[in-house]
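Student:
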Amino acid sequence: GIQVEQSPPDLILQEGANSTLRCNFSDSVNNLQWFHQNPWGQLINLFYIPSGTKQNGRLSATTVATERYSLLYISSSQTTDSGVYFCAVVTQGGSEKLVFGKGTKLTVNP
Amino acid sequence: SQTIHQWPATLVQPVGSPLSLECTVEGTSNPNLYWYRQAAGRGLQLLFYSVGIGQISSEVPQNLSASRPQDRQFILSSKKLLLSDSGFYLCAWRVTGLGGAFFGQGTRLTVV
Chain A
1 GIQVEQSPPD LILQEGANST LRCNFSDSVN NLQWFHQNPW GQLINLFYIP SGTKQNGRLS
61 ATTVATERYS LLYISSSQTT DSGVYFCAVV TQGGSEKLVF GKGTKLTVNP
Chain B
1 SQTIHQWPAT LVQPVGSPLS LECTVEGTSN PNLYWYRQAA GRGLQLLFYS VGIGQISSEV
61 PQNLSASRPQ DRQFILSSKK LLLSDSGFYL CAWRVTGLGG AFFGQGTRLT VV
């Protein structure tokens, strides 16, 4: 099955710093999402981005489907950005299985 | 608008007891439905997914089972819980070709 790898596994930042999170996947996909899991466990949709670039405030994401990776950019980080960031994909070819990477745990210190 | 309901929010069950977690979706038709489990500090493990009524794909051959008796209802069950079944259970839905997945609030299950 498809492999989804996220890096780095852990990231510690000072408030105000910028960061880039990466998601590599081993097969062609027709669905890629980025989620933020807050300290209460809720999964928040950040981006649905099977290809191209999107921006939402301090966050932006880029997916290069032909090279099988996606990047999540966080600028001017805030303590509320802390949590775990996941990417999830659905492979092309008919299966509707939604597969997650293991996540990047982000800690933003004041 | 679409919403997903998952209950209960927390559950404490003794070893060997049965389990039934329910997930329902409103505002959409023929969604793909998913059950995930997350152990403390770990990633999301896909347990089951369903593309239609009565159609269940199992990813984890353990003492859990899933059923989809109605288009927008997905149930996770166990006949006898094990300590290792403790975790955070999440239900999700998505519609093929119409964007991403959306998650319920989750159920924290502690087996004692």
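As you go down the protein sequences, you meet chains A and B in turn.
If you're matching positions, the first sequence starts at 1 in the numbering used here and goes up one per residue.
If you're matching positions, the second sequence starts at 1 in the numbering used here and goes up one per residue.
Yeah, the Cβ is synthetic: ideal placement off N, Cα and C, and Gly gets one too.
Quantities reported herein were computed from a predicted structural model and do not represent experimental measurements.
1. Quick one: grab the DSSP three-state call for A65/A.
2. Counting only C-beta atoms, is Q105/B closer than 9 angstroms to chain A at any point?
3. Residues of the segment 9 to 24 of chain A in Cβ contact with chain B at a cutoff of 8 angstroms, in chain order, please.
4. Mind reading off the beta-carbon distance from T104/A to L13/A? Whole number of angstroms is fine, and I expect it under 8 angstroms.
5. Does F74/B get closer than 9 angstroms to chain A when you measure Cβ to Cβ?
6. For a cutoff of 9 angstroms on Cβ pairs, would you count A88/A as touching chain B?
7. Count Cβ pairs between the segment 84 to 103 of chain B and the segment 12 to 28 of chain B that sit closer than 8 angstroms; are there 3 or more?
8. Compare the C-beta of L98/A with all C-beta atoms of chain B and state if any pair is closer than 9 angstroms.
9. Can G43/B and G101/A be called in contact, C-beta distance under 9 angstroms?
10. Name the two residues that bound the continuous beta strand (DSSP E) containing E22/B.
11. Any idea what DSSP makes of L83/B, helix, strand or coil?
12. Check whether the Cβ atoms of D85/B and V112/B sit closer than 9 angstroms, and answer yes or no.
13. Quick check on the DSSP output: the beta strand (DSSP E) that includes A114/B runs from which residue to which?
14. Going along chain B in order, which residues have a C-beta closer than 8 angstroms to the C-beta of Q42/A?
15. Looking at chain B, which residues of the segment 29 to 63 of chain A have a Cβ within less than 7 angstroms of any of its Cβ atoms?
16. In whole angstroms, what is the alpha-carbon distance linking G52/A and V64/A?
17. Near R68/B, which residues of its chain fall below 8 angstroms by C-beta distance, leaving aside the five closest residues on each side in sequence?
18. Any contact between the segment 66 to 76 of chain A and the segment 5 to 13 of chain B? By contact I mean 3 or more CB pairs, one from each, below 8 angstroms.
Tutor: On the basis of the coordinates in this document:
1. Walking along the first sequence from the start, residue 65/A turns up at place 65. Helix, per DSSP.
2. Translated into the one-based positions of the second sequence, residue 105/B becomes position 105. Taking Cβ atoms only, chain A reaches closer than 9 angstroms to Q105/B, which makes this a yes.
3. Cβ contacts with chain B come from no residue of the segment 9 to 24 of chain A.
4. Walking along the first sequence from the start, residue 104/A turns up at place 104. Walking along the first sequence from the start, residue 13/A turns up at place 13. With a contact defined as Cβ atoms closer than 8 angstroms, T104/A and L13/A miss out at about 11 angstroms.
5. Numbered from its first residue, the second sequence carries residue 74/B at position 74. Judged by the 9 angstroms Cβ criterion, F74/B is not in contact with chain A.
6. Taking the first sequence and counting its residues from 1, one reaches residue 88/A at position 88. With a threshold of 9 angstroms between beta carbons, A88/A makes contact with chain B.
7. Touching, per the Cβ criterion.
8. Here residue 98/A refers to the residue found at position 98 of the first sequence. Chain B contact via Cβ: present.
9. Taking the second sequence and counting its residues from 1, one reaches residue 43/B at position 43. Taking the first sequence and counting its residues from 1, one reaches residue 101/A at position 101. Against a cut-off of 9 angstroms, the Cβ pair of G101/A and G43/B comes out as a contact.
10. Within the second sequence, numbered from 1, the residue matching residue 22/B stands at position 22. Residues L19 to E26.
11. As a position in the second sequence, residue 83/B is number 83, starting the count at 1. Correct three-state label for L83/B: helix.
12. Taking the first residue of the second sequence as 1, we reach residue 85/B at position 85. Taking the first residue of the second sequence as 1, we reach residue 112/B at position 112. Cβ atoms of D85/B and V112/B: not closer than 9 angstroms.
13. Because chain B is modelled from 1 through 112, residue 114/B falls outside the range shown and cannot be assessed.
14. What you label residue 42/A is simply residue 42 of the first sequence in a count that begins at 1. Neighbours of Q42/A in chain B, taken as residues whose beta carbon is under 8 angstroms from its own, are F103, Q105 and G106 in chain order.
15. Across the segment 29 to 63 of chain A, CB contacts with chain B closer than 7 angstroms involve N31, Q33, G41, Q42, L43, N45 and Y48, in sequence order along the chain.
16. Your numbering for residue 52/A matches position 52 in the first sequence. Your numbering for residue 64/A matches position 64 in the first sequence. Linking G52/A to V64/A through their CA atoms gives a straight-line distance of about 7 angstroms.
17. Here residue 68/B refers to the residue found at position 68 when the second sequence is read from its first residue. In chain order, L33, S50, G52, I53, G54, Q55, I56, F74 and I75 place their CB closer than 8 angstroms to the CB of R68/B, counting only its own chain and leaving out the 5 sequence neighbours on each side.
18. Counting Cβ pairs under 8 angstroms, fewer than three are found: no touch.
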